[in-house]
Amino acid sequence: MNSMTDLYPSRNGSAETILPRHDPVVYPDPFPDSPYGLTDSQLESYEEDGFIILPNYVPELVEPLLAEKDRLARELDGQEELYTEPDSDELRTLFKPFAFSELIDRVSRDPRILHPVQQLLGSRAYLMQSRINVKPAFKGKAFPWHSDFETWHVEDGMPRMRALTAWIMLTENHPDNGPLMVMPGSHKHYISCTGRTGAENYRTSLKKQVLGVPSKETMKEVAQTHPVAGIYGKPGTLVIHECNLLHGSEDNSSPDPRTVLMFVYNSIENRPVSPYGGQKPRPHYLASRDTSPLKPLECPISVKEEAAIAGAIA
Ligand code: 6CS
Ligand code: FE
């Protein structure tokens, strides 16, 4: 257990309660000269809503990334980084894809993504988690309402709210294929949840999360002031959402997969400590404890150059 005062207690046997947020949403920009930085009005809407949608951001990367997803799913079959759906053998999530894909590793450092990330976090960042969520047609199951930060705090020892997820839509995200839903503005409060975290909770939570999911009553209360919004877009859209934003998604009952590539960046000023839930830290492929800062690529990825690099490696 962590000995420092816990500003964000959760799953410690107490009743569910809504607590104040103690951390900024947007931190002072350490690299104000970046040509890829967000504009003032984009920063304001991220601060207010807890997310930002950037349509048509990296459309040229969609095809090569989908090809990488297919390759990795085939080549990594049976490895621990792969999680299947709760009630079928369909692939649900592929974790740590950058470790097996030069292209994905480079995309995580593309300045079009990493510069805005550094701007929002107010520092250099490291890749704390990365994943491809597949949401297969007809079989992809829901992710119940949650704050990512709640899990990362309790299970990974992330001390403060200074992290975010930047994710790329690899297929269209539309109202019928289980898109991400958010409660805009909900990141400004913290919901302390009930229960206690058992050992290796991740083995089941990544198929179907139970702990760290606020009650219906609390969600209803939050939704009164922060009505639900769906996040839709064409392939190549980039979304950035704040670590404490309440979000979730429904089953995919449509014939269209909803596939996304997600990068979780944490500030290097927000190094993980012992998990606040008292269990062992989760495995490296779920939450990296290597906080070496990422160095942005000099310039945005060019798909042509990537093809040449891939050819040289093969
Ligand atoms: O476990 C994680 O790191 C993330 N995944 C899920 C399904 N819930 C909590 C957090 O967003
Ligand atoms: Fe999440």
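With numbering that gives the first Met the number 0 applied, the sequence shown has no gaps in its numbers, which climb one by one up to 313 at the end.
Glycine residues also receive a C-beta, built at the ideal position from the N, C-alpha and C atoms.
Keep in mind the model is a prediction, meaning the values are calculated, not measured.
Quick check on residue i: does DSSP put it in helix, strand or coil?
i    : result
M182 : coil
V61  : helix
Y189 : strand
I308 : helix
P96  : helix
S266 : strand
L71  : helix
L126 : strand
M157 : coil
T150 : helix
Give the C-beta separation of residue i and residue j to the nearest angstrom, bearing in mind that I take them to be a contact with Cβ-Cβ under 8 Å.
i    : j    : result
V263 : M127 : 5 Å
D255 : A136 : 6 Å
S146 : N243 : 5 Å
Y189 : R20  : 6 Å
Y125 : N265 : 6 Å
Could you tell me the distance, in whole angstroms, from the CA atom of residue i to the CA atom of residue j?
i    : j    : result
R123 : C298 : 17 Å
N176 : P110 : 30 Å
V57  : R257 : 17 Å
E59  : L18  : 42 Å
Q118 : V25  : 8 Å
K206 : P85  : 5 Å
Y275 : V106 : 32 Å
P8   : E15  : 10 Å
K138 : P29  : 44 Å
L169 : V61  : 5 Å
M218 : W144 : 8 Å
I167 : I300 : 14 Å
A98  : T290 : 15 Å
Y201 : Y284 : 11 Å
K68  : L293 : 23 Å
A222 : M182 : 7 Å
G36  : I112 : 9 Å
E43  : S87  : 42 Å
F142 : P34  : 35 Å
T350 : L210 : Missing from the structure shown is residue 350; the chain here goes from 0 to 313 and no further.
K95  : M157 : 18 Å
G121 : F148 : 18 Å
G49  : E304 : 34 Å
G77  : L93  : 11 Å
S317 : E216 : The requested residue 317 is not part of the displayed model; the chain covers only 0 to 313.
P324 : V116 : Because the chain is modelled from 0 through 313, residue 324 falls outside the range shown and cannot be assessed.
G229 : H246 : 10 Å
For the alpha helix (DSSP H) that residue i lies in, which residues bound it at each end?
i    : result
L119 : P110 to L120
L81  : Counting along the chain, L81 falls outside any alpha helix (DSSP H), though it belongs to the beta strand (DSSP E) covering L81 to T83.
I103 : E101 to V106
T203 : Y201 to S204
Quick check on the DSSP output: the beta strand (DSSP E) that includes residue i runs from which residue to which?
i    : result
H145 : F142 to H145
T164 : A162 to M168
Any C-beta of chain B sitting closer than 8 Å to the C-beta of residue i?
i   : result
A98 : No chain B is part of this structure, which consists of one protein chain only.
Does at least one heavy atom of the ligand FAD sit under 7 Å from the Cβ of residue i?
i   : result
Y26 : With respect to small molecules bound, the structure shown includes the ligand 6CS and the ligand FE and not the ligand FAD.
Give the list of continuous beta strand (DSSP E) stretches no shorter than 3 residues that lie fully inside the stretch 222-264. 237-241 and 246-248
Could I get the ranges of all uninterrupted beta strand (DSSP E) runs contained in the stretch 6-63, with 3 residues as the minimum, in chain order? 16-19 and 50-53
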